[in-house]
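Everything below concerns the one structure shown next.
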Amino acid sequence: MTIRIQHAPFDVGTEIAALSAGRTDIGGIGCFVGNVRGPVAAMTLEHYEAMTLPALQAIVAEAEARWPLLGCTVIHRIGRLLPGEGIVLVLAASAHRQAALDATAFLIDYLKTRAPFWKKETFADGTEAWVEPRAVDDAAVAKWSR
Amino acid sequence: MTVHVLYFAWLRERVGRSEEALELPESVADVGALVSWLRAQGDNYRRAFAVPGVVRCAVNQVFAGPEMSIKSGDEVAFFPPVTGG
């Protein structure tokens, strides 16, 4: 499992190659990339550093308990990001596609509601606003309850 | 007892600081009591904790509800609902 919090951009191809390097048992890798979407001028991500890693580890452990994963990667960026830049990368590898795809969706759904990150939007006129939580994100997590 | 309190996102902006060490009376024994105590400490705290149920909490880096007990030396963080991803 690879979990990183970083200011720097990530490269999806590099991360997929790292996840599958030397492996012949992986049959599929699910991938989700979250980007900063316009029309905001910028997005600033802050987090609760002492809690972020344990929270992400707990989310990954939950995914590993539900699906036969052969590896996964979660990278979340912090700091000031511009439209089009990647914010978050989730990769989940398994022998077969359904587990890889389902685990990828689970990981991003849980991350959005359980990991201590906060987004602040900056608009073209210089005004700023904290992003409000969305009910659809809570609903996305609720569908994984069992 | 002394607890280390952290504030994030708009909680930090409304309170006006990111962290502080608070000396609490013995009667403040859980998260809910701490919120009530903070609300009486000034307009900035009252604004930050104005709407009941909005502010989230973690005690020692684990999500915690209002009934979670707190003890001396704990790290108590307050923040809005998370919006990462």
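Those protein sequences? They're chains H and C, same order as listed. Remember, the numbering used here sits 623 above the position in the first sequence when you count from 1. Remember, the numbering used here sits 15 above the position in the second sequence when you count from 1. The C-beta atom is built at its ideal place from N, Cα and C for all residues, glycine as well. These numbers come from a predicted model, not from an experiment.
Where residue i meets chain H, residues with beta-carbon distance less than 9 Å
{"i": "Pro-95 of chain C", "result": "Trp-741, Trp-753, Glu-755, Pro-756"}
Per DSSP, the bridge partner or partners of residue i
{"i": "Glu-38 of chain C", "result": "C:Thr-17"}
{"i": "Asp-45 of chain C", "result": "C:Ser-84"}
{"i": "Trp-52 of chain C", "result": "Paired residue(s): none; Trp-52 of chain C is not in a bridge."}
{"i": "His-670 of chain H", "result": "H:Phe-740"}
Cutoff 8 Å: residue i Cβ touching any chain C Cβ
{"i": "Glu-773 of chain H", "result": "Only positions 624 to 769 of chain H appear in the structure, and residue 773 of chain H is not among them; the question remains open."}
{"i": "Gly-657 of chain H", "result": "yes"}
{"i": "Val-635 of chain H", "result": "no"}
{"i": "Pro-677 of chain H", "result": "yes"}
{"i": "Ile-731 of chain H", "result": "yes"}
Beta-carbon neighbours of residue i, restricted to chain C and to distances below 8 Å
{"i": "Ala-738 of chain H", "result": "Val-97, Gly-99, Gly-100"}
{"i": "Lys-735 of chain H", "result": "Val-97, Thr-98, Gly-99, Gly-100"}
{"i": "Ile-628 of chain H", "result": "None at all; the shortest Cβ gap to chain C is about 10 Å."}
{"i": "Val-711 of chain H", "result": "Gly-99, Gly-100"}
Alpha-carbon to alpha-carbon, residue j and residue i
{"i": "Phe-64 of chain C", "j": "Ile-698 of chain H", "result": "32 Å"}
{"i": "Val-77 of chain C", "j": "Gly-88 of chain C", "result": "15 Å"}
{"i": "Tyr-22 of chain C", "j": "Asp-760 of chain H", "result": "23 Å"}
{"i": "Glu-708 of chain H", "j": "Gln-629 of chain H", "result": "13 Å"}
{"i": "Thr-637 of chain H", "j": "Gln-680 of chain H", "result": "22 Å"}
{"i": "Glu-28 of chain C", "j": "Asn-59 of chain C", "result": "9 Å"}
{"i": "Glu-38 of chain C", "j": "Pro-95 of chain C", "result": "24 Å"}
{"i": "Val-74 of chain C", "j": "Gln-721 of chain H", "result": "37 Å"}
{"i": "Val-663 of chain H", "j": "Asp-748 of chain H", "result": "10 Å"}
{"i": "Gly-80 of chain C", "j": "Cys-72 of chain C", "result": "7 Å"}
{"i": "Tyr-671 of chain H", "j": "Phe-740 of chain H", "result": "7 Å"}
{"i": "Phe-746 of chain H", "j": "Gly-100 of chain C", "result": "19 Å"}
{"i": "Tyr-733 of chain H", "j": "Val-91 of chain C", "result": "22 Å"}
Beta carbon proximity, residue i to chain H, threshold 8 Å
{"i": "Ala-24 of chain C", "result": "yes"}
{"i": "Val-44 of chain C", "result": "The residue asked about is misnamed: residue 44 of chain C is Ala in this sequence, not Val. No, its Cβ sits nowhere closer than 8 Å to a Cβ of chain H."}
{"i": "Gln-56 of chain C", "result": "no"}
{"i": "Ala-36 of chain C", "result": "no"}
{"i": "Ala-63 of chain C", "result": "no"}
{"i": "Ala-48 of chain C", "result": "no"}
Under 8 Å by beta carbon: chain H residues contacting residue i
{"i": "Ala-79 of chain C", "result": "Correct list: empty, because the minimum Cβ distance to chain H is about 11 Å."}
{"i": "Ala-73 of chain C", "result": "Tyr-671, Met-674, Pro-739"}
Residue i vs residue j beta-carbon contact at 8 Å
{"i": "Gly-657 of chain H", "j": "Ile-710 of chain H", "result": "yes"}
{"i": "Ala-718 of chain H", "j": "Ser-643 of chain H", "result": "no"}
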